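Peer 1: Residue numbers (my numbering), protein chains in the order written: chain U, 24 to 462; chain A, 15 to 236. Take this structure first; my questions come after.
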Amino acid sequence: MTTTDPYAGSRETTEGRVYTVTGGDWDLTFGSDPLAEERLVVNMGPQHPSTHGVLRLVLDLEGETVTKARVVIGYLHTGIEKNTEYRTWTQGTTFVTRMDYLAPLFNETAYCLAVEKLLGIEVPERATTIRVLVMELNRIASHLVGLATFGMEMGALTGMTNGFRERELVLDLLEEITGLRMNHAYVRPGGLAQDLPDGVEAKIREFLTVMPERVAGFHRLLTGQPIWQRRLRDVGYLDVTGCLALGVTGPILRSAGLPWDLRKVEPYCGYETYDFEVPTADTSDAWGRYLVRMAEVNESLKIVEQALDRLRPGPVMVEDKKIAWPAQLSLGADGMGNSLDHVKHIMGQSMEALIHHFKLVTEGFRVPAGQVYQAIESPRGELGFHVVSDGGTRPFRVHVRDPSFTNLQATAAMSEGGMIADVIAAIASIDPVMGGVDR
Amino acid sequence: MTGFRTGAFGVSGSGDTSGFGGLVRVEPGGAVALHSTERPYGGWFDEVTDALVDAVGQATYDAAVPRVLVDRGEITYFVEREHLLALVQALRDDDALRFELCSSVSGVDYLDAGGPAGKRLHVVYHLTSMTYRRRVRLEVAVTAEDPHVPSVTRVYPTADWHEREAFDMFGVVFDGHPALTRILMPDDWDGHPQRKDYPLGGVPVEYHGATIPPPDERRSYR
């Protein structure tokens, strides 16, 4: 029997050997650094209300000060990139939409822009305008969730309920347009799955009249509130140099003062023809990020209105029948997108049309070999698709540069040296979506 | 005759139509177009290439970049791994280049079309110049037997997680990376799932005591 048991020293007495159970082995584990006596390792997550999903944080604490913050991800990995290699190019849309589930339409559009670049095709103007329209609606919804969860994590629960309430307005519109609240698979290579349903433009215009007041209400609720300001100001500091070194883009970079917005600097989908501002802040902290997101909601409303104004009748899918899924699909009374005329044609009139339909839907179309990188400005920053084709009917490789994945690397830089409560504010200000981080 | 197919879509075996059966076909020539674009490349591509030559020297450039491909309005420099660090350092720091942001690092496995000497594993870097609003692509190819590529984390700290992902998914070893560990898959996972010879759904699934075999091993219904 050892006499140097660290947990229980012993001594001989007249009654025999007596053990004194002393408990923890912290000194042995952490050495004799006087500061280390205060060191505490705290595991937050993988499932915790303030970790924005299934994220795990390993925090080294000295008192309430964070000396080291490590981020562990991968809990939501679903192999979407691998899966796309086994599906047709059109089916790829239904996979990528599930990555950053708060910005599905951005995933779809970026993917489709990349595929269209490989194909060398241009989509009809109406399709592009509707893409801009739904993307900006989606940006509003995404920022509202970002602000809502921000509020929840700071303890401002009304912020959460209000944010989710406002988001429902957008989701109702997106459901009306695409048939689904999330994971729309609405944007397809070559255009859109279906045209806008009748009457939805009036509903979007009604939303445009309601929303500014709701944003103002958000400002009244949170912006001027002293507790809110104290929790956010000077917290999660990251300047432009730090952002660029860590590859951070989106509202975080703009909160540091650099007006880098791919819609302006590298326009796609005709964004150069829309009139909108790129909101920035000069505080480089969580407070700046909050203000930038709030301002971006207003800018998105401006873009939605302009997109509505320039909607002209026309096709929403390329003419090429070798790429376009057959039929001008529109949502029927049953919520499905079947065109009865097309069904009549392939089932009753033309065997060749039926074969073509079958081949196109099951086997898919071929995309010339090559690789492209297509980046767009998602609500969280640069969303890039690196798509490789080997000339077949399926993607050879789809890699997604997800902004949440890259931005989350800044957690340590933002929170080390600060208080543990500020870690929550810092991560909330990054607004990561774990579906996008882990893919 | 351009090709010979069996089954509905080249499927053999189980007749599985779930997509798990390895339906990807590699075309002759494949995704690795081995040709090279001749100067002039057009647009700002020549400007960037000249600046890069000035920054690293003609001899180094010739040794480092055996070929350049301009395709679909994007330029790709195929880089030898020994010279990768010198190149990215110049691309980031030279006044005429200024690629401040490393947007993305991704792996691609060209299993059958591995090109010369079977360099099937490619690491693709997308660099962005915010000053000049330009993007370039660097591509480094290595074999699966010697999958070593120098880490660019000292130049671009953002590459940290990207390289960990490429290691996790493709087994590319980034020498000099501060902590090259798996990032998305569990620490004790075997293999590198996004390699082309790693099957999709290739592991049996256990659920409530029953074991469901991977799709390609299930019974055939034909």
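Note that CB positions come from ideal geometry on N, CA and C, so glycine has one too. Since the structure is predicted, the reported quantities are computational estimates derived from the model, not experimental observations.
Any Cβ of chain A within less than 9 Å of the Cβ of methionine 24 of chain U?
Peer 2: Reading the first sequence from its first residue, position 1 is the one you call residue 24 of chain U. Confidence at methionine 24 of chain U is low in this model, with a pLDDT of 47, below 50, so its placement is unreliable and the value that follows should be read with caution. No - not a single Cβ of chain A is within 9 Å of the one on methionine 24 of chain U.
Peer 1: How many Å lie between alanine 92 of chain U and glycine 190 of chain A at the Cα?
Peer 2: Within the first sequence, numbered from 1, the residue matching residue 92 of chain U stands at position 69. Within the second sequence, numbered from 1, the residue matching residue 190 of chain A stands at position 176. Distance between the alpha carbons of alanine 92 of chain U and glycine 190 of chain A: 22 Å.
Peer 1: Please return the same chain residues whose Cβ sits closer than 6 Å to the Cβ of glutamate 159 of chain U, not counting the five positions on each side in sequence.
Peer 2: Here residue 159 of chain U corresponds to residue number 136 of the first sequence, with the count starting at 1. Cβ neighbours of glutamate 159 of chain U beyond the five flanking positions: Ser323, Ile326, Val327.
Peer 1: So with Cβ pairs under 9 Å, would you call arginine 134 of chain A a contact of chain U?
Peer 2: As a first step, residue 134 of chain A must be located in the second sequence, where it is residue number 120. No - not a single Cβ of chain U is within 9 Å of the one on arginine 134 of chain A.
Peer 1: Residues of the region 412-432 of chain U with a CB closer than 7 Å to any CB of chain A: list them in chain order, please.
Peer 2: Ser412, Asp413, Gly414, Gly415, Arg417, Phe419, Arg420, His422, Arg424, Phe428, Thr429, Gln432
Peer 1: Pick out the complete beta strand (DSSP E) segments inside the region 60-105 of chain A, 3 residues or longer, and give them in chain order.
Peer 2: Runs of the beta strand (DSSP E) inside the region 60-105 of chain A: 81-85, 88-93.
Peer 1: Quick test of the definition: if touching needs 3 or more C-beta pairs under 8 Å, does the region 140-151 of chain U touch the region 224-239 of chain U?
Peer 2: no
Peer 1: Step through the CB atoms of chain U and report whether any lies within less than 9 Å of the CB of aspartate 123 of chain A.
Peer 2: Walking along the second sequence from the start, residue 123 of chain A turns up at place 109. Answer yes: the Cβ-Cβ gap between aspartate 123 of chain A and chain U drops below 9 Å somewhere.
Peer 1: Quick one: residues in its chain with C-beta nearer than 6 Å to the C-beta of phenylalanine 419 of chain U, no 5 flanking neighbours on either side, listed in chain order?
Peer 2: Your numbering for residue 419 of chain U matches position 396 in the first sequence. Val411, Ser412, Asp413.
Peer 1: In this structure, how does DSSP classify serine 118 of chain A when only helix, strand and coil are distinguished?
Peer 2: Translated into the one-based positions of the second sequence, residue 118 of chain A becomes position 104. When DSSP states are grouped into helix, strand and coil, serine 118 of chain A belongs to the strand group.
Peer 1: Can you check whether the C-beta of glutamate 104 of chain U is within less than 9 Å of a C-beta belonging to chain A?
Peer 2: Residue numbering aside, residue 104 of chain U sits at position 81 when the first sequence is read from its first letter. Yes - at least one Cβ of chain A is within 9 Å of the one on glutamate 104 of chain U.
Peer 1: Closer than 8 Å by beta-carbon distance: list the chain A residues that pair up with aspartate 9 of chain U, in chain order.
Peer 2: In the structure displayed, chain U extends from 24 to 462; residue 9 of chain U sits before or after that span and is not available.
Peer 1: Assess, as a yes-or-no matter, whether the region 363-374 of chain U is touched by the region 388-398 of chain U under the definition of 3 or more beta carbon pairs within less than 8 Å.
Peer 2: The region 388-398 of chain U vs the region 363-374 of chain U: no contact.
Peer 1: Leaving out five residues on either side along the sequence, give the residues of the same chain with a beta carbon under 7 Å from the beta carbon of methionine 166 of chain U.
Peer 2: Reading the first sequence from its first residue, position 143 is the one you call residue 166 of chain U. It should be pointed out that residue 166 of chain U corresponds to histidine in this sequence rather than to methionine. Arg316, Glu319, Val320, Pro402.
Peer 1: According to a CB-to-CB cut-off of less than 7 Å, which residues of the region 79-90 of chain A neighbour chain U?
Peer 2: Asp85, Arg86, Glu88
Peer 1: CA-CA distance, glycine 43 of chain A and threonine 74 of chain A?
Peer 2: For the purposes of this step, residue 43 of chain A is taken as residue 29 along the second sequence, with counting starting at 1. For the purposes of this step, residue 74 of chain A is taken as residue 60 along the second sequence, with counting starting at 1. Reliability fails at glycine 43 of chain A, whose pLDDT of 39 lies under 50, so the model's placement of it is uncertain and no value is given.
Peer 1: Entirely within the region 365-396 of chain U and at least 4 residues each: give me those alpha helix (DSSP H) ranges in chain order.
Peer 2: 374-381
Peer 1: Return the CA-CA distance between aspartate 284 of chain U and proline 220 of chain U, expressed in angstroms with no decimal places.
Peer 2: Counting from one through the first sequence, the residue named residue 284 of chain U turns up at place 261. Counting from one through the first sequence, the residue named residue 220 of chain U turns up at place 197. Cα to Cα, the separation comes out at about 31 Å.
Peer 1: Are the CB atoms of leucine 261 of chain U and methionine 442 of chain U nearer to each other than 9 Å?
Peer 2: One-based indexing of the first sequence puts residue 261 of chain U at position 238. One-based indexing of the first sequence puts residue 442 of chain U at position 419. Their beta carbons are not under 9 Å apart, which means leucine 261 of chain U does not touch methionine 442 of chain U by this criterion.
Peer 1: Is there a C-beta anywhere in chain U that falls below 9 Å from the one on tyrosine 170 of chain A?
Peer 2: Here residue 170 of chain A refers to the residue found at position 156 when the second sequence is read from its first residue. By this cut-off, tyrosine 170 of chain A is an interface position.
Peer 1: Measuring only the C-alpha atoms, how far is isoleucine 250 of chain U from arginine 256 of chain U?
Peer 2: The residue labelled residue 250 of chain U in the question sits at position 227 within the first sequence. The residue labelled residue 256 of chain U in the question sits at position 233 within the first sequence. Pairing isoleucine 250 of chain U with arginine 256 of chain U, the inter-Cα distance amounts to about 10 Å.
Peer 1: Using the Cα positions of alanine 304 of chain U and glycine 273 of chain U, report the straight-line distance between them to the nearest angstrom.
Peer 2: As a working mapping, residue 304 of chain U is identified with position 281 in the first sequence. As a working mapping, residue 273 of chain U is identified with position 250 in the first sequence. If I take the Cα positions, the gap works out to 12 Å.
Peer 1: Using DSSP bridges, identify the partner residues of isoleucine 399 of chain U.
Peer 2: Position 376 of the first sequence, counted from the first residue, corresponds to residue 399 of chain U. Paired residues: U:Leu406.
Peer 1: Between which two residues does the beta strand (DSSP E) containing aspartate 83 of chain U stretch?
Peer 2: Here residue 83 of chain U corresponds to residue number 60 of the first sequence, with the count starting at 1. Per DSSP, aspartate 83 of chain U belongs to the beta strand (DSSP E) from 79-85.
Peer 1: Please classify valine 456 of chain U: is it buried, with 16 or more other beta-carbons within 10 angstroms of its beta-carbon, or exposed?
Peer 2: Start at 1 with the first residue of the first sequence, and residue 456 of chain U comes out as number 433. So valine 456 of chain U counts as buried.
Peer 1: Where DSSP assigns a beta bridge to tyrosine 139 of chain A, which residues make up the other side?
Peer 2: Here the question's residue 139 of chain A lines up with position 125 in the second sequence. A:Val119, A:Leu152, per the DSSP bridge assignment.
Peer 1: Name, in chain order, the residues that DSSP records as bridge partners for threonine 36 of chain U.
Peer 2: Start at 1 with the first residue of the first sequence, and residue 36 of chain U comes out as number 13. Per DSSP, U:Gly39.
Peer 1: Return the bridge partner residues of valine 315 of chain U from the DSSP annotation.
Peer 2: As a first step, residue 315 of chain U is located in the first sequence; it is residue number 292 there, counting from the start. None; valine 315 of chain U has no bridge partner.
Peer 1: Quick check: the region 177-188 of chain A against the region 202-214 of chain A, are there 3 or more CB pairs under 8 Å?
Peer 2: These segments touch.
Peer 1: Listed from N- to C-terminal order along the chain, which residues in the region 262-288 of chain U have their beta-carbon within a distance smaller than 7 Å of any beta-carbon of chain A?
Peer 2: Leu267, Ala268, Leu269, Gly270, Trp283, Val288
Peer 1: Between the alpha carbons of arginine 148 of chain A and glycine 178 of chain U, how many angstroms are there, rounded?
Peer 2: As a working mapping, residue 148 of chain A is identified with position 134 in the second sequence. As a working mapping, residue 178 of chain U is identified with position 155 in the first sequence. The alpha-carbon atoms of arginine 148 of chain A and glycine 178 of chain U are separated by roughly 43 Å.
Peer 1: Quick one: which residues of the region 202-220 of chain A get their C-beta closer than 7 Å to a C-beta of chain U? List them in chain order.
Peer 2: For the region 202-220 of chain A, which is checked against every Cβ of chain U, the residues closer than 7 Å are Pro207, Gln208, Leu214.
Peer 1: In the DSSP output, what is leucine 285 of chain U paired with across the bridge?
Peer 2: Residue numbering aside, residue 285 of chain U sits at position 262 when the first sequence is read from its first letter. Partner(s): none; leucine 285 of chain U has no beta bridge.
Peer 1: What is the rounded straight-line gap between the Cα of glutamate 220 of chain A and the Cα of proline 227 of chain A?
Peer 2: On the second sequence, position 206 is the one that residue 220 of chain A refers to. On the second sequence, position 213 is the one that residue 227 of chain A refers to. Answer to the nearest angstrom: the Cα atoms are 9 Å apart.
Peer 1: Glutamate 439 of chain U: which of U:Arg40, U:Val81, U:Thr37 sits nearest, CA to CA?
Peer 2: Position 416 of the first sequence holds residue 439 of chain U. The candidate whose alpha carbon is nearest that of glutamate 439 of chain U is U:Val81.
Peer 1: Suppose the cutoff is 6 Å on Cβ atoms and the five residues either side in sequence are ignored; what does the same chain contact list for alanine 155 of chain A look like?
Peer 2: Taking the first residue of the second sequence as 1, we reach residue 155 of chain A at position 141. For alanine 155 of chain A, where only same-chain residues beyond five positions count, the Cβ hits under 6 Å are Lys133, His136.
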